[in-house]
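A.B. asks: What follows is a structure written as structure tokens; I'll ask about it next.
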Amino acid sequence: MYCEFFGFREQPFAITPNPRFIFLSKHHREAFAHLLYGIESHAGFIELTGEVGSGKTTILRALLGQLDDATHHTALIFNPRLSADELLRTINREFGILSTGTIDELMHDLNQFLLNENASSRTAILVIDEAQNLDPAVLEQIRMISNLETDTDKLIQIVLAGQPELSNLLESEGLRQLNQRIKVRFHLPPLDFSDMVSYIDHRLEIAGGWKAATFAPGALKKIFKYSKGLPRLVNVLCDRALLIGFTEESRQISAQMIDHAIKELRREKPKRALSPLIWRLAFAAAIALLLVAAGFMAGKRTTPAKSNNSEVKPVATAAATTASKPILEKLRHDLAQTGEIDCAMQSFNELARLWNLKPVVEYQGKIVQRGLGLVAARRGMRLLHLTGANIRDIAAANAPCLLELKLPGINGTRYLALTRIESEQFFLFSPGSKTSMAITEQELTANWTGSAYLPWRNNHNLPDSFPSNSSSPEVRRLQAMLAKAGSYSGTPTGTFDAATRDAIRKFRLNQFISEDRMPGARTLLHLYRASGETREPCLNSRGRSKV
367 MYCEFFGFRE QPFAITPNPR FIFLSKHHRE AFAHLLYGIE SHAGFIELTG EVGSGKTTIL
427 RALLGQLDDA THHTALIFNP RLSADELLRT INREFGILST GTIDELMHDL NQFLLNENAS
487 SRTAILVIDE AQNLDPAVLE QIRMISNLET DTDKLIQIVL AGQPELSNLL ESEGLRQLNQ
547 RIKVRFHLPP LDFSDMVSYI DHRLEIAGGW KAATFAPGAL KKIFKYSKGL PRLVNVLCDR
607 ALLIGFTEES RQISAQMIDH AIKELRREKP KRALSPLIWR LAFAAAIALL LVAAGFMAGK
667 RTTPAKSNNS EVKPVATAAA TTASKPILEK LRHDLAQTGE IDCAMQSFNE LARLWNLKPV
727 VEYQGKIVQR GLGLVAARRG MRLLHLTGAN IRDIAAANAP CLLELKLPGI NGTRYLALTR
787 IESEQFFLFS PGSKTSMAIT EQELTANWTG SAYLPWRNNH NLPDSFPSNS SSPEVRRLQA
847 MLAKAGSYSG TPTGTFDAAT RDAIRKFRLN QFISEDRMPG ARTLLHLYRA SGETREPCLN
907 SRGRSKV
């Protein structure tokens, strides 16, 4: 109803899961890393829990999209209200095993299949969603399946995902043997405020109306208070708020509109109240529809659709994604061979090369946490540190930067230089091979902590903040830059007045920047580029220029 008014191509906050809208917060990335580590290390049992609507299914979709079909074979069970016999038959069917008969015969066929997969160097993975609904007898059957192993390896990796009740169920006396076998556990917490704001921005961007609809700061605070950071509740409330914005012909969602939306939702609860069983069945049906569309329901799972941050951009093909996986493994291998400090130093030197700066020859100690800012300052540069960032933030800055990565199986943190973005590929400089390697956005997001360091040059030595109504040549220069960027009208006065502050706010709105200081380092970085006052290396080829 409101899509045409806001310019959306589709509803940004639909409840039905959509792989194109996938958003991985820092907690989602951490959960993803735990799952991937558990599978690749053949931990055996992996447990993922989280409240209803926290994004567990999102994590599972991202995981299934990451795994290479050539080396992994996955069976997904999304309706676990089955008997032990029915579960075993369903598992065999999902693995493509054509078998009938008794439980013993089904186990024999499954064992033979798993041995063949192991001999072919393929990892078999059983994923059970909504596992809190499993009966204890069925969980015991799953434990028996986990007993299938060789002398040196587990034949199957089992992921149990569910609500917090799953942990309580596993801690019961009758299931202590199974509970003791779980080697990797992760509880997915709700989004924090920063991630919730990024989540809302992300969904608006994918829907195509990012610039057309905005949520006021007060509105965002009320959304967070109501939803407590649960993505599903965020979706429900934002969807209703946009409808109210449409009826009031307002493209900015105010705090009052959020209050109105909350009242409407609370009035509807008694009318729409359903039993927990009906809700679970409805949610399972929604997941079933998604999985059918993604190709997971076939006897042998096909490659799922990859997430994409913008419909405007071309979706990466399956061939391109498959081809990037060996590159990601090569990158992991290189990082395993390079120490944390050496990796950071070499990565900084790659950025220094792009800027024609003197390289770091030797550095002792914590180069990033303590010394990288000093290293940059000695070369006439400033260093902007972003935390809780997303791909959109990096692409908007359009500046080569250092990204903080944590990869499964590698101790410590690694800092890699992101040098280029081209054709949906992100080029990271690998210190081990001294070359740039291209990986997909999904692969980068899954291993990136959200921390980034962006070097930039403050050519006019503008301060991060100006006192109100102060006058100086620096203010005049700032006003001239804002004018070149299309945010300031009139003749520069040299006084940091209300018109100048409004111009900064306008520029930030156009650049999607949130910052406390006036103007602030991040705003200055963007402003130098937007005004053409500096020629700096860029991430994309269209904006690339020489230093």
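Quick note on numbering: the sequence shown equals residues 367 to 913 in our numbering.
We put the CB at the ideal spot given by N, CA and C, even for glycine.
1. Along the chain, where does the beta strand (DSSP E) containing residue 783 start, and where does it finish?
2. For the beta strand (DSSP E) containing residue 803, name the first residue and the last one.
3. Taking three-plus beta-carbon pairs below 8 Å as touching, is the stretch 713-730 in contact with the stretch 809-816?
4. In the DSSP assignment, find the unbroken beta strand (DSSP E) run with residue 375 in it and report its ends.
5. Does the stretch 560-567 come close enough to the stretch 744-760 that 3 or more CB-CB pairs lie under 8 Å?
6. Pop quiz: residue 420 and residue 554 are said to be a contact at Cβ under 8 Å. What is the actual Cβ separation, rounded to whole angstroms?
7. What first and last residue would you give for the alpha helix (DSSP H) that runs through residue 602?
8. Could you check the C-alpha separation between residue 899 and residue 889 for me, to the nearest Å?
9. The beta strand (DSSP E) with residue 491 in it runs from where to where?
10. For a test of the three-state rule: what should DSSP assign to residue 726, helix, strand or coil?
11. Span of the alpha helix (DSSP H) holding residue 818?
12. Is residue 408 near residue 488, with beta carbons less than 7 Å apart?
13. Can you tell me where the beta strand (DSSP E) holding residue 838 begins and where it ends?
14. Ignore the nearest five residues each way along the sequence and tell me which others in residue 403's own chain have a CB closer than 7 Å to its CB.
15. Does the Cβ of residue 724 have 16 or more other Cβ atoms within 10 Å, making it buried, or fewer, making it exposed?
16. Alpha carbons only, please: which of 441, 509, 514 is nearest the one belonging to residue 474?
17. If you count every other CB in all the chains shown that lies within 10 Å of the CB of residue 796, and 16 or more means buried, which is it?
18. Fully enclosed by the stretch 502-551, which beta strand (DSSP E) runs are 3 residues long or longer?
19. Just the C-alpha distance for residue 827 and residue 427, rounded to the nearest angstrom, thanks.
20. Beta-carbon within less than 6 Å of residue 392's beta-carbon, same chain only, minus the 5 sequence neighbours each way: which residues are those?
21. Does residue 485 come out as helix, strand or coil in the three-state DSSP assignment?
22. Taking only the alpha-carbon atoms, compute the straight-line gap between residue 829 and residue 838 and give it to the nearest angstrom.
23. Please name the residue in 579, 545, 583 whose C-alpha comes closest to that of residue 560.
24. Assign residue 407 to one of three DSSP states: helix, strand, or coil.
25. Rounded to the nearest angstrom, what separates residue 557 and residue 727 at their Cα positions?
26. Quick check: the Cα distance between residue 371 and residue 414, rounded to an integer number of angstroms?
27. Three-state secondary structure (DSSP) at residue 428?
28. May I ask you to report which of helix, strand or coil DSSP gives residue 684?
29. Quick check: the Cα distance between residue 903 and residue 766, rounded to an integer number of angstroms?
30. Taking the continuous alpha helix (DSSP H) assigned at residue 559, which residues delimit it?
31. Name the one or two DSSP bridge partners that residue 441 has.
32. Please state whether DSSP places residue 583 in a helix, a strand or coil.
33. In angstroms, rounded to a whole number, what distance separates the CA positions of residue 758 and residue 870?
34. Exposed or buried, which one is residue 722 when buried takes at least 16 other CB atoms within 10 Å?
35. Count the other CB atoms within 10 Å of the CB of residue 597; is the residue buried (16 or more) or exposed (fewer)?
36. Could you tell me whether the stretch 381-389 touches the stretch 510-524, where touching means 3 or more Cβ pairs closer than 8 Å?
C.D. replies: So, to answer that:
1. From DSSP, the beta strand (DSSP E) with residue 783 extends over 780-788.
2. Counting along the chain, residue 803 sits inside the beta strand (DSSP E) bounded by residues 801-806.
3. At 8 Å Cβ cutoff, the stretches do not touch.
4. Note, residue 375: premise wrong, no beta strand (DSSP E); not H, not E.
5. The answer is yes - the stretch 560-567 touches the stretch 744-760, with three or more Cβ pairs under 8 Å.
6. About 5 Å; that satisfies the 8 Å criterion.
7. Unbroken alpha helix (DSSP H) run through residue 602: 597-613.
8. So the two alpha carbons sit approximately 14 Å from each other.
9. Residues 489-494.
10. Here residue 726 sits in coil by DSSP.
11. For residue 818, no alpha helix (DSSP H) segment is defined; the enclosing uninterrupted segment is the beta strand (DSSP E) at 814-822.
12. In this structure, residue 408 lies away from residue 488, with their beta-carbon atoms at least 7 Å apart.
13. Counting along the chain, residue 838 sits inside no beta strand (DSSP E), nor does DSSP assign it H or E at all.
14. Within the same chain, residue 403 has close Cβ partners 550, 774, 775.
15. Classified as exposed, residue 724 has fewer than 16 neighbouring CB atoms from the shown chains inside 10 Å of its CB.
16. Ranked by Cα distance from residue 474, the first of 441, 509, 514 is 514.
17. Residue 796 is buried by the Cβ-count criterion.
18. Correct list: 522-528.
19. Cα-Cα distance, rounded: 47 Å.
20. Within the same chain, residue 392 has close Cβ partners 816.
21. DSSP places residue 485 in helix when its eight states are reduced to three.
22. Straight-line Cα distance between these residues: approximately 11 Å.
23. Taking each of 579, 545, 583 in turn and checking the Cα distance to residue 560, the smallest one comes out for 583.
24. Residue 407: coil per DSSP, three-state reduction.
25. Distance between residue 557 and residue 727, taken at the CA atoms: about 41 Å.
26. A direct Cα-to-Cα measurement between residue 371 and residue 414 gives close to 40 Å.
27. Helix at residue 428.
28. Here the model assigns residue 684 a pLDDT of 35, short of 50, so the residue's position is not dependable, and the following value carries that caveat. Three-state DSSP puts residue 684 in a helix.
29. Residue 903 and residue 766 have their alpha carbons spaced roughly 7 Å apart.
30. Segment 559-573, the alpha helix (DSSP H) holding residue 559.
31. In DSSP, residue 441 forms a bridge with 492.
32. DSSP places residue 583 in helix when its eight states are reduced to three.
33. When only Cα atoms are considered, residue 758 and residue 870 end up about 20 Å apart.
34. So residue 722 ends up on the exposed side.
35. Using a 10 angstroms sphere on the CB of residue 597, the tally of other CB atoms reaches 16 or more, which defines it as buried.
36. No, the stretch 381-389 does not touch the stretch 510-524.
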